[in-house]
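Residue numbers (our numbering): 269 to 671. To keep things clear, I will list the structure first and then write my remarks on it.
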Ligand SMILES: Cc1cc2nc3c(=O)[nH]c(=O)nc-3n(C[C@H](O)[C@H](O)[C@H](O)COP(=O)(O)OP(=O)(O)OC[C@H]3O[C@@H](n4cnc5c(N)ncnc54)[C@H](O)[C@@H]3O)c2cc1C
């Protein structure tokens with residue numbers, strides 16, 4: 269058989285693997301199989317500009333149809349893979365067709381977690397992962413007076429901000445005592461809580477949803493403490509789980525994600541995985557699961573190289589962003605457990621926090637400071653730690669450290 273690489277999942281990572289294979293001069297067949305009926309598209313705007321009605325659906329597309337022709341990438345949409353045979357080196361589609369491969373890539377992404385609560389299947393109880401979900405939320409938002417967002421993480425808060433931009437009342441229910449608690453430091457949580465309150469969002473901390481009520485559609489959210497809210501729409505932003513069931517059933521090592529090494533290699537020969545479906549096991553045994561565009565892109569490049577027999581480990585500092593109202597938050601996180609936080613101020617609603625453990629810079633969080641954030645990321649990538657005094661002096665030139 270001539271060489272054929274099959275990529276399962278036509279999202280951000282799957283597309284990147286296909287593109288990088290051609291960039292790595294792979295001359296065989298590339299089959300990109302997607303479950304959804306849409307060509308690869310960007311998900312981040314779904315909870316941001318797209319939901320706020322500020323960007324068109326066509327703008328979400330990552331590559332136009334001419335790209336796939338020009339690169340000889342066979343993109344098949346509406347083609348979910350049901351099973352993989354690692355010994356026979358084949359995949360079976362849901363419609364029964366079997367296809368052979370010489371190299372295989374999993375880029376199956378993740379699924380939004382759905383609540384296991386009474387009333388969770390009522391119309392108007394939504395999650396947000398793909399374009400189909402976003403279209404449903406957008407249509408319901410147009411007719412809603414109020415939305416209850418469960419989960420004060422990035423996606424939930426972005427949805428709340430889009431709802432407020434459309435004049436819909438928004439309530440955020442968060443089980444913890446601060447916003448985005450898993451991803452940002454308390455100062456950033458406080459800044460965003462104030463921002464949302466100033467735009468009219470009601471935030472309830474330490475609150476647990478006990479059930480959803482309604483007959484034909486959701487009409488109320490009941491809280492565990494006996495309280496609750498009337499509402500037309502509920503969006504759960506309570507995290508996502510890696511789509512690793514097909515890989516696990518095939519016999520690949522999985523642990524809440526397909527286990528990969530720093531070169532995106534899975535536990536079988538000529539099999540790689542990239543993006544939200546993976547968990548990266550460090551040599552010391554610790555596990556990292558990232559859900560970000562950067563990770564999908566960088567791991568996708570590593571996966572393509574690995575399929576070509578080359579090692580291209582992914583080493584950059586993980587970074588992420590969120591847009592809420594007119595505020596851009598960016599985070600680059602090279603470590604946890606900061607014991608010193610130094611603010612680099614630069615005006616109203618614009619600052620960066622440089623976070624240290626001992627004398628080492630471990631992460632930087634920026635609010636409306638994209639240029640400074642890029643610089644900070646380069647410092648983190650280079651393993652450089654500017655002194656707290658230098659960072660705190662807004663006039664000091666941090667760029668000179670990179671020369
Ligand atoms: C609303 C939202 C906002 C986000 N905002 C940000 C942000 O601001 N910044 C950021 O960095 N990241 C953000 N993310 C995360 C980012 O979009 C993901 O990390 C990225 O899309 C991961 O790419 P992926 O290819 O791994 O997964 P996906 O893009 O989810 O693609 C996986 C694809 O595989 C398909 N698939 C699954 N199983 C099969 C199968 N068996 N057969 C065939 N196809 C299959 C799926 O249908 C899907 O199309 C956001 C995500 C969402 C949902």
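The beta carbon of each residue, even a glycine, is placed where N, CA and C say it ideally should be.
Cβ shell of residue i (< 7 Å), same chain only, five flanking positions each side left out
i: residue 350; result: 360, 361, 362
i: residue 613; result: 619, 662
i: residue 566; result: 582, 584
i: residue 608; result: 624, 656
i: residue 459; result: 635
i: residue 523; result: 547, 555
i: residue 650; result: 670
i: residue 561; result: 280, 312
i: residue 495; result: none
CB contact flag (residue i, residue j, <7 Å)
i: residue 428; j: residue 486; result: no
i: residue 315; j: residue 447; result: no
i: residue 489; j: residue 503; result: no
i: residue 601; j: residue 554; result: no
i: residue 433; j: residue 409; result: no
i: residue 527; j: residue 372; result: no
i: residue 277; j: residue 376; result: yes
i: residue 542; j: residue 525; result: no
i: residue 381; j: residue 509; result: yes
i: residue 621; j: residue 611; result: yes
i: residue 317; j: residue 323; result: yes
i: residue 272; j: residue 297; result: yes
i: residue 403; j: residue 500; result: no
i: residue 547; j: residue 557; result: yes
i: residue 616; j: residue 452; result: no
i: residue 472; j: residue 436; result: no
i: residue 474; j: residue 445; result: yes
i: residue 544; j: residue 347; result: no
i: residue 588; j: residue 576; result: no
Residues near residue i by beta carbon distance below 6 Å, same chain, minus five either side
i: residue 336; result: 343
i: residue 479; result: 385, 386, 387, 490
i: residue 531; result: 570, 574, 579, 581
i: residue 572; result: 285, 288, 289, 292
i: residue 421; result: 448, 505
i: residue 393; result: 480, 486, 502
i: residue 439; result: 416, 470, 497
i: residue 366; result: 358, 360
i: residue 391; result: 485
Beta bridge counterpart(s) of residue i as assigned by DSSP
i: residue 394; result: 503
i: residue 272; result: 297
i: residue 548; result: 528, 556
i: residue 471; result: 440
i: residue 374; result: 276, 541
i: residue 599; result: 588, 633
Cβ-based burial, residue i [other Cβ within 10 Å; buried from 16]
i: residue 641; result: buried
i: residue 224; result: As shown, the chain starts at 269 and ends at 671. That puts residue 224 outside it, with no answer to give.
i: residue 424; result: buried
i: residue 263; result: Because residue 263 is not part of the residues shown, which for the chain are 269 to 671, the question remains open.
i: residue 654; result: buried
i: residue 638; result: exposed
i: residue 591; result: buried
i: residue 454; result: exposed
i: residue 514; result: buried
i: residue 670; result: exposed
Close beta carbons around residue i, own chain, < 8 Å, minus the five adjacent residues each side
i: residue 667; result: 643
Short CB-CB distance (under 7 Å) between residue i and chain C
i: residue 320; result: Of the protein chains in this structure there is only one, and it is not chain C.
Residue i Cβ short of 6 Å to ligand 2 heavy atom set
i: residue 397; result: Ligands displayed in this structure: ligand 1; ligand 2 is not among them.
Please list the segments of the beta strand (DSSP E) lying wholly inside the region 490–540, counting only runs of 3 or more residues, in order along the chain. Listed in chain order, they are 496–498, 501–504, 508–510, 526–528.
Could I get the ranges of all uninterrupted beta strand (DSSP E) runs contained in the region 617–651, with 3 residues as the minimum, in chain order? For the region 617–651, whole beta strand (DSSP E) runs of length 3 or above, ordered along the chain, are 619–625, 628–635.
Whole runs of the alpha helix (DSSP H) within the region 311–346, excluding any shorter than 4 residues: Correct list: 333–338.
At 4 residues or longer, what runs of the alpha helix (DSSP H) sit wholly inside the region 415–459? Runs of the alpha helix (DSSP H) inside the region 415–459: 422–433.
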